[in-house]
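Undergrad: Can you keep this structure in mind? I'll have questions shortly.
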Amino acid sequence: MKNGQIWQDVDGKDIQAHGGCILQYRDRFYWYGENKGAPNCPSRNRVDVIGISCYSSGNLVDWKYEGIVLKAEPDPESPLHFSKVVERPKVLYNEKTNRFVMWMHLDSPDYSFSGVGIAAAEQPTGPFRLIRTTHPNRQESRDMTLYRDEDGAAYLIHAKDWNKTMNIARLNESYTDLDGTYVSVMTDQEREAPALCKHGGLYYMVTSGCTGWAPNSALYAVSPHIMGHWKLIDNPCEGPDSRKTFFGQSSFLFAVNQKHYLMLDHWSPENLQKSGYSILPVTFDEEGIMTVRWKDTWDGPEE
Ligand code: GAL
-10 MKNGQIWQDV
0 DGKDIQAHGG
10 CILQYRDRFY
20 WYGENKGAPN
30 CPSRNRVDVI
40 GISCYSSGNL
50 VDWKYEGIVL
60 KAEPDPESPL
70 HFSKVVERPK
80 VLYNEKTNRF
90 VMWMHLDSPD
100 YSFSGVGIAA
110 AEQPTGPFRL
120 IRTTHPNRQE
130 SRDMTLYRDE
140 DGAAYLIHAK
150 DWNKTMNIAR
160 LNESYTDLDG
170 TYVSVMTDQE
180 REAPALCKHG
190 GLYYMVTSGC
200 TGWAPNSALY
210 AVSPHIMGHW
220 KLIDNPCEGP
230 DSRKTFFGQS
240 SFLFAVNQKH
250 YLMLDHWSPE
260 NLQKSGYSIL
270 PVTFDEEGIM
280 TVRWKDTWDG
290 PEE
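Following our numbering, the numbering of the sequence shown begins with -10 at its first residue and continues without gaps.
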């Protein structure tokens, strides 16, 4: 897979799973993301909502299309109507309920609704059914991610106050709602596209700046506890084009065989359906400094 370009599935079709996430369940990986497989709306850098796609793979390179697991709806009142915004879906498996739970950014076309949607399914390949929409802890929510900790507790990390600040909000035991505990972190830093991982007992959060589809510098923050205190460190990217995150934007951090990887979207604003992907290795030195370097190809995780 050539990093930075649109990738193809095992049938040779473009993978439509932008702003995505990867879930490992049993011996397979599931990649969920925004299906943007249609021309841009005339004179606008958007594609009408199609739904959330799912792909599955045994090796993170050969991806089989599993279909649209949450579809856009024709009812103009529905939060999933074609004209709205459905972005950055993230999926967790809940062991207590044996269900797959998806959280996503739901918005009005002008991004003024700024909420989340919660959907659930019995199988990783769906179908997912929207349970509810909400404003987490009565606050705005735009770019978001989910993080499941080693103890099974899960968190929603979401940009609020027109992206000025990031909130970390704990989910309830079934992952289908919030439990009311939250903190605001990185106040006034204006970050979006959050992605989290844990290494050496520390939590790491990679974010992008707020420049729409245009690339900017990534920044990471570190904390000994997920609920803070988060300390801003630096741009984790190194080498040519590192100040533009290699022309990408963070979508997800995941680990396989104890090695961490950062997934990026390479947005193509004039023709969003051709937006590319990359998966880059993440390294940590003895002092916990996080580094992401460009690699021309993604060949699957290291052994
Ligand atoms: C980006 C955001 C994307 C999408 C885009 C719309 O900054 O990360 O998920 O919302 O803006 O312009």
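Glycine residues also receive a C-beta, built at the ideal position from the N, C-alpha and C atoms.
Computed from a predicted model, the values in this text were never measured in an experiment.
1. Report the rounded CA-to-CA distance for proline 229 versus serine 173, giving the unit in angstroms.
2. Give a yes or no on contact between the region 28 to 35 and the region 83 to 96, applying the rule of three or more CB pairs nearer than 8 Å.
3. Any contact between the region 239 to 255 and the region 1 to 12? By contact I mean 3 or more CB pairs, one from each, below 8 Å.
4. In this structure, how does DSSP classify arginine 232 when only helix, strand and coil are distinguished?
5. Could you check which residue in Ala210, Lys73, Asp132 has the C-alpha nearest to that of alanine 182?
6. Could you tell me if the beta carbon of glutamate 181 falls within a distance shorter than 6 Å of some heavy atom in the ligand GAL?
7. Indicate whether aspartate 51 and valine -1 have their beta-carbon atoms separated by less than 7 Å.
8. Can you give me the start and stop residues for the beta strand (DSSP E) that cysteine 10 sits inside?
9. Give the straight-line distance between the Cα atoms of alanine 207 and threonine 272, rounded to the nearest whole angstrom.
10. Pair every Cβ in the region 261 to 272 with every Cβ in the region -10 to 6, then say whether three or more of these pairs are closer than 8 Å.
11. Would you check if the distance between the CB atom of alanine 108 and the CB atom of leucine 95 is smaller than 7 Å?
12. Bridge partners of aspartate 96, per DSSP?
13. Should alanine 203 go down as buried or exposed, given a rule of 16 or more other Cβ atoms within 10 Å for buried?
14. Can you tell me whether glutamate 259 is helix, strand or coil according to DSSP?
15. By DSSP, does asparagine 126 sit in helix, in strand, or in coil?
16. Using the Cα positions of glycine 47 and aspartate 16, report the straight-line distance between them to the nearest angstrom.
17. Rounding to the nearest angstrom, what Cα-Cα distance links glutamine 247 and tryptophan 151 in this structure?
18. Starting from lysine 248, follow its DSSP beta bridges and name the residues at the other end.
19. Starting from isoleucine 199 and walking both ways along the beta strand (DSSP E), at which residues does that stretch end?
20. When the Cα atoms are used, what is the spatial distance from leucine 135 to isoleucine -5?
TA: In this structure, then:
1. 33 Å
2. The answer is no - the region 83 to 96 does not touch the region 28 to 35, with fewer than three Cβ pairs under 8 Å.
3. Because the criterion of three Cβ pairs below 8 Å is met, the region 239 to 255 and the region 1 to 12 touch.
4. helix
5. Nearest of Ala210, Lys73, Asp132 to alanine 182, Cα basis: Asp132.
6. yes
7. yes
8. 7 to 14
9. 15 Å
10. yes
11. In this structure, the beta-carbon distance from alanine 108 to leucine 95 does not fall below 7 Å.
12. Val74
13. exposed
14. helix
15. helix
16. 7 Å
17. The straight-line gap from Cα to Cα measures roughly 35 Å.
18. Val245
19. A small fix is needed here, since residue 199 is cysteine in this sequence, not isoleucine. Note, cysteine 199: premise wrong, no beta strand (DSSP E); not H, not E.
20. 24 Å
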